[in-house]
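J.: Residue numbers (the numbering used here): 200 to 392.
Yeah, the Cβ is synthetic: ideal placement off N, Cα and C, and Gly gets one too.
Everything numeric in this text was worked out from a predicted model, so none of it was measured.
The following block contains the structure, expressed as C-alpha cells.
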C-alpha cells in the first residue's frame with residue numbers, strides 16, 4: 200500500500216501527516232505536546248501503521264487547535280488510505296489493560312461517522328495534554344476516518360495509564376479491522392458501505 204500524505208494549514212495549525220497502513224509500526228511524531236507525542240507513538244506501534252506527523256500549532260493559546268486538527272488530518276489520511284474498503288475485515292475490538300486501567304475500543308470502518316465516548320478521567324491534564332481534548336481528538340479522528348467508534352474506559356486510577364490504554368486499544372482495534380479478508384470481498388450484505 201502507498202503512503203498517504205495530508206497537509207492541513209490554517210491560521211491556527213500547520214500539519215503534515217504521512218500514513219502507511221501496512222507498515223511496521225514506525226513513527227516520528229512532533230506535536231509540541233509531549234504526552235500526545237507519546238500516545239500517538241503507541242497508537243502507531245500497536246496498529247502496525249507507519250506514521251510521520253509534524254504539527255506547528257498555536258500552543259500559546261492552548262492545545263485545542265493542535266489536537267483537534269491532528270485528529271482531522273489523521274482521519275483524512277486513514278480515510279484516503281482505506282480507499283473503497285474492499286477486502287478488509289471492517290470491524291475491530293480490543294480490551295486493553297494498562298496496569299490498573301482497562302479500556303475497550305470497538306470500531307466499524309463503515310463510512311458512518313459516530314463516536315460513543317464513556318471515559319471519566321480523574322485529572323484535568325497529563326503533562327501538557329488537556330484531558331478534555333481526548334474526546335475532541337477521538338471525535339475528529341472518527342468523523343474524518345468515517346467510522347463508528349466506541350471508547351469505554353472501564354476502570355482505572357492513573358490518567359496516564361487510562362489514556363495509554365485507550366490509544367493502544369485504538370491501535371489494536373484498527374489493526375484487526377484492516378486485516379485482509381480471505382476472498383478480498385466487501386464486508387457488507389448491502390454490497391456497498
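Roughly how many whole angstroms lie between the Cα atoms of residue 141 and residue 349?
T.: The first residue shown for the chain is 200 and the last is 392, placing residue 141 beyond what the model contains.
J.: Write down the C-beta distance between residue 207 and residue 268 rounded to the nearest angstrom, noting that I regard them as a contact closer than 8 Å.
T.: The residue labelled residue 207 in the question sits at position 8 within the chain shown. The residue labelled residue 268 in the question sits at position 69 within the chain shown. The pair is a contact, with the Cβ atoms about 6 Å apart (cut-off 8 Å).
J.: Find the nearest neighbour of residue 256 within the set 229, 305 and 240, judged by alpha-carbon distance.
T.: Position 57 of the chain shown holds residue 256. Comparing Cα positions, the closest option is 229.
J.: I'd like to know whether the C-beta atoms of residue 246 and residue 374 end up nearer to each other than 8 Å.
T.: Your numbering for residue 246 matches position 47 in the chain shown. Your numbering for residue 374 matches position 175 in the chain shown. Yes, the pair counts as a contact, with Cβ atoms nearer than the cut-off.
J.: Under 8 Å, Cβ to Cβ, is there at least one residue of chain D near residue 367?
T.: Chain labels in this structure do not include chain D; a single protein chain is all it has.
J.: What are the complete alpha helix (DSSP H) segments, minimum 4 residues, inside the region 262-347?
T.: Here the runs fully enclosed are 263-281 and 332-344.
J.: Looking at C-beta atoms only, is the number of pairs between the region 358-365 and the region 284-292 that lie closer than 8 Å three or more?
T.: As far as the Cβ criterion goes, the region 358-365 does not touch the region 284-292, which means the pair count is below three.
J.: Among 284, 210, 273 and 272, whose alpha-carbon lies nearest the alpha-carbon of residue 385?
T.: Residue 385 sits at position 186 when you count from the first residue of the chain shown. The option with the nearest alpha carbon to residue 385 is 284.
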